[in-house]
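What follows is one structure encoded as structure tokens, with my remarks underneath.
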Amino acid sequence: MKLNFKYIIIVSTLIILVSGYFIFLNTDTEGTPSPLVHQKEYDSLVLVSSKRFPVDLAPKSIVSTKDNSKVYVLCLEALSVIEIDTKTRERIRTLKFKPSAGMGFDYKTRKWVKSIQEKPVEGLLTHNDRYLWISLHNADGVVVWDLEKDSVNTNEIKQAYISTIDKKEKVNLPFFETETTPKFLVNDSIQQKVMVTNWHDNSLTVINYNEEDPSKWKTSKHLTTKVTPRGLLIDQDNQNLWVGNMASHCLQIFDLKSLELKRTIQGVISPRHFVMNDSLLFISQSSKEIISAYDKKSFQKKFQLHTFDDPRSIAISKNGQFLFCTSYGDHKLEVFDLKTKKRIYDLNSNGGPVGITLLETEDYIEAWICNYKFSTVKVFTFALK
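Throughout, our numbering is defined as the position within the sequence shown, counted from one, plus 587.
What follows is the structure in structure tokens.
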């Protein structure tokens, strides 16, 4: 049977183009296709609106999915995690932990007191937003919420309830041991491990997830850090893990693969939270009221930005130009232009702003802020120009 030569050429070309398209799509670090997005160029932000709404008691942190469709608000004193639809800003599900007796540290009196174990502090999404990892302040461990499945069969669990508008069901969440007072979490998707800072044991916990079944994931080691570690950042390009030790006023840089200490930078007052762009790493320093910028390769400090009282969490725009900061003491959201190194916005976010996440599209950035004292979330919308 004879085939038209032009037809063969056209079909072959289409096959090559389609194949190349899907190869190009497969750029996600966790091995699944990410959508092709043409990022619009912009060099200024214009505040469009702000809106506040209530959540559960004492929201401590907030994380968003890659597709910007959902955010998760971790509410420390309510023992809950709220899943919110970002378009409607309505609650989809609430994860509520079953309380159990424990000991907690009173940061005002500086004493250990009777408390509840299951107080969620920080969250981390992995496996293309399937699993939400949650550090539990007084439980010496973290749990994992499978957002696509109900319960997991494993020996070590924490019990919780998932509520929607019309139903409530009990779930078992896999529990992984850390050391005392786990705080921040980061994901090394290449080495397939999550790392957690432990505030009161001056350590870093490594949890391996190199199996498909979460019941087979394991805590593999605890590494000694300096005093009261909190912030963590993974720099895959330079194979470094950065740790901020707040009470000992220093940064530690570990080799990401071997986890051997490479460098300690002294004299960095109360380093709390990290973000980075292509060349620089930024650190909020809460009791010095600054954000410091370091070169990711040379580890040299390049400049600093002065903030309002008690800068907590920071976030950076996708183009690496705009830095957002929650300043807890002065109830502010601050926005800095890193090209000019100047503050371009200081906006009221009353009630002790702590956590922040950015939802960015081609046309706007939404900064979602959780206000700890007022138990609210406030959303600031900026147009990209």
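Backbone N, C-alpha and C fix where the C-beta goes; we use that ideal spot for every residue, glycine too.
Cα-Cα separation between residue i and residue j, rounded to whole angstroms
| i | j | result |
| --- | --- | --- |
| residue 772 | residue 627 | 31 Å |
| residue 873 | residue 647 | 16 Å |
| residue 748 | residue 662 | 15 Å |
| residue 758 | residue 681 | 12 Å |
| residue 798 | residue 740 | 15 Å |
| residue 683 | residue 831 | 30 Å |
| residue 778 | residue 669 | 29 Å |
| residue 963 | residue 677 | 13 Å |
| residue 927 | residue 630 | 11 Å |
| residue 959 | residue 742 | 34 Å |
| residue 791 | residue 817 | 9 Å |
| residue 848 | residue 637 | 43 Å |
| residue 886 | residue 720 | 30 Å |
| residue 554 | residue 716 | Since the first and last residues shown for the chain are 588 and 972, residue 554 lies out of range. |
| residue 751 | residue 966 | 23 Å |
| residue 825 | residue 649 | 27 Å |
| residue 929 | residue 911 | 12 Å |
| residue 949 | residue 819 | 29 Å |
| residue 925 | residue 841 | 27 Å |
| residue 785 | residue 725 | 11 Å |
| residue 860 | residue 711 | 14 Å |
| residue 641 | residue 756 | 24 Å |
| residue 969 | residue 768 | 36 Å |
Anticipated Cβ contact below 8 Å, residue i with residue j, distance rounded
| i | j | result |
| --- | --- | --- |
| residue 939 | residue 915 | 5 Å |
| residue 870 | residue 632 | Actually they do not touch by this definition, with Cβ atoms about 22 Å apart. |
| residue 971 | residue 923 | At roughly 16 Å, the Cβ-Cβ gap does not stay under 8 Å, so residue 971 and residue 923 are not in contact. |
| residue 945 | residue 904 | 7 Å |
| residue 877 | residue 843 | No, residue 877 and residue 843 are not in contact; Cβ-Cβ is about 27 Å, not under 8 Å. |
| residue 868 | residue 829 | 7 Å |
CA nearest to the CA of residue i, picked from the options
| i | options | result |
| --- | --- | --- |
| residue 977 | 684, 731, 911 and 921 | Since the displayed the chain opens at 588 and closes at 972, residue 977 lies outside it and no answer follows. |
| residue 718 | 893, 724 and 776 | 776 |
| residue 754 | 658, 770 and 679 | 679 |
| residue 865 | 789, 909, 967 and 812 | 909 |
| residue 974 | 879, 700, 764 and 652 | In this structure the chain extends from 588 to 972, so residue 974 is not present and cannot be described. |
| residue 703 | 687, 697 and 692 | 687 |
| residue 851 | 863, 827 and 669 | 827 |
| residue 801 | 781, 817, 811 and 789 | 781 |
| residue 660 | 722, 698 and 701 | 722 |
| residue 889 | 898, 897 and 879 | 879 |
| residue 655 | 954, 965 and 917 | 954 |
| residue 761 | 733, 783 and 774 | 733 |
Residues near residue i by beta carbon distance below 6 Å, same chain, minus five either side
| i | result |
| --- | --- |
| residue 919 | 895 and 933 |
| residue 834 | 814 and 815 |
| residue 737 | 758 |
Same chain, Cβ closer than 8 Å to residue i, neighbours up to 5 away in sequence not counted
| i | result |
| --- | --- |
| residue 853 | 836 and 837 |
| residue 685 | 705, 745, 746, 747 and 748 |
| residue 805 | 763, 794 and 795 |
| residue 937 | 918, 958 and 961 |
Per DSSP, the bridge partner or partners of residue i
| i | result |
| --- | --- |
| residue 930 | 923 |
| residue 891 | 879 |
| residue 698 | 693 |
| residue 639 | 965 |
| residue 958 | 940 and 963 |
| residue 669 | 660 and 681 |
| residue 898 | 914 |
| residue 710 | 721 |
| residue 808 | 793 |
| residue 745 | 760 |
Short CB-CB distance (under 8 Å) between residue i and chain C
| i | result |
| --- | --- |
| residue 763 | No chain C is part of this structure, which consists of one protein chain only. |
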